[in-house]
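Peer 1:
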Amino acid sequence: MKILVIGGGISGERDVSLRSAQSVFDAISDDHEKELYDWDGSTEWLEQNLKNFDVVLPILHGEGGEDGQIQKILEAQNAKYLGADSTASQICIDKEKTQEALRNKNILVPKYEALSYQQYIESSIAQGRHVVKPINGGSSLHTFIDVRLNDPRAAQIKQAFEMHGSMMVEEFIAGVEVTVPVLEGKILPLIEIIPPEGGFFDYDNKYNGLTQELCPSPNVSQDLQEKSQEVAALVHDVLGCRHLSRVDMIIDSKGQIYTLEINTMPGMTNQSLFPKSANQIGMSMQDLVEYLIGLVGRS
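Numbering (numbering that gives the first Met the number 0), first residue to last: 0 to 298.
(1) What's the C-alpha gap between Ile292 and Ala277?
(2) Along the chain, where does the alpha helix (DSSP H) containing Thr258 start, and where does it finish?
(3) Is it true that the CB of Ile2 sits closer than 8 Å to the CB of Glu46?
(4) For the alpha helix (DSSP H) containing Met282, name the first residue and the last one.
(5) Quick one: what does DSSP say Arg102 is sitting in, helix, strand or coil?
(6) Hey, is the stretch 170–188 in contact with the stretch 113–121, meaning 3+ C-beta pairs nearer than 8 Å?
(7) Within a Cβ cutoff of 6 Å, which residues of the same chain sit near Val230, ignoring the five residues on either side of it in sequence?
(8) Can you say whether Gln126 is buried or exposed, counting buried as having 16 or more other CB atoms within 10 angstroms of its CB?
(9) Could you pull the start and end residues of the alpha helix (DSSP H) that Lys253 belongs to?
(10) Beta carbon of Phe273, beta carbon of Met282: below 8 Å?
(11) When the distance is taken between beta carbons, is Ile69 closer than 8 Å to Gly61?
(12) Can you check the stretch 145–209 for any alpha helix (DSSP H) of at least 4 residues that lies completely inside it and give the ranges in chain order?
See the structure below:
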């Protein structure tokens, strides 16, 4: 089988994508022919060469990679590829559309509004503890967690609104932050996320090595772990995802599970959460990549 791994891309997560793609590429068995392609957003090379590959693994994050762009290019060439199709990707990258789809299926999500800056400062949600984040995008860039009245980050928040035009504003849910990887045909364990004291799982704490990522979780009951896995699988299906995803959640003090967002192409570096969870059920990185190749081959 001849396999193409695509990394890089055009988003602010390009460096993470390159590391993820290299990790996946290195894990592909020598039984396969393989090639690694650093994608710059253009279509020419792909249009000329996709026909030479049996399976494509687009290990791309954020803009270009999880928003339907690369998926449309692959679909136009009838390529068999890993991950959500272009339609599902366009929904999942959009936090407002994601939450609307989940709420319509009675899946618990925080109260939210998509607002301009003027609407934001007049919003009832903004009067209490809340979260401000871009409607589109990933990796927690320009995300502000547990914002309060007279917040010291007010100038940065205004600047983010100016950059994005409108932003997602959600009520802040206090509780245990978890993420649940979804791998079709398998049940992967939940990962508990503990940012450094006084901090949150924002962009800095996602990549600075100070956040604890505990798998198995010592602080979430087995019952709640299983319920979280069920909710994650449901979210994956409701949003039309395929093969794999990772669902971010908060479990509050009453045991209510709030879905925050979904990642349709989770990180795949040796530090990433998805491989870490798979390892807990005995899947090495090589096992995981071979399994993913099999999912694409059967789809």
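From the three backbone atoms N, C-alpha and C, an ideal C-beta is built for every residue, glycine too.
Peer 2: Short version:
(1) Looking up residue 292 in the sequence shown gives position 293. Looking up residue 277 in the sequence shown gives position 278. Cα to Cα, the separation comes out at about 15 Å.
(2) The residue you call residue 258 lines up with position 259 of the sequence shown. Thr258 -> not in any alpha helix (DSSP H); beta strand (DSSP E) instead, spanning 256–262.
(3) The residue labelled residue 46 in the question sits at position 47 within the sequence shown. The residue labelled residue 2 in the question sits at position 3 within the sequence shown. No. Outside cutoff.
(4) As a working note, residue 282 is residue 283 in the sequence shown. Unbroken run through Met282: none, as it is neither H nor E.
(5) Counted from its first residue, the sequence shown places residue 102 at position 103. Looking at Arg102 - three-state DSSP - the assignment turns out to be helix.
(6) no
(7) For the purposes of this step, residue 230 is identified with residue 231 of the sequence shown, where counting begins at 1. Around Val230: Ile256.
(8) In the sequence shown, residue 126 corresponds to position 127, counting from 1. Exposed, since its Cβ has fewer than 16 Cβ neighbours within 10 Å.
(9) Residue numbering aside, residue 253 sits at position 254 when the sequence shown is read from its first letter. No alpha helix (DSSP H) holds Lys253; DSSP gives it neither H nor E.
(10) By 1-based counting over the sequence shown, the position of residue 273 is 274. By 1-based counting over the sequence shown, the position of residue 282 is 283. Cβ atoms of Phe273 and Met282: not closer than 8 Å.
(11) The residue labelled residue 61 in the question sits at position 62 within the sequence shown. The residue labelled residue 69 in the question sits at position 70 within the sequence shown. Not a contact, by the Cβ cut-off of 8 Å.
(12) 153–163, 202–206
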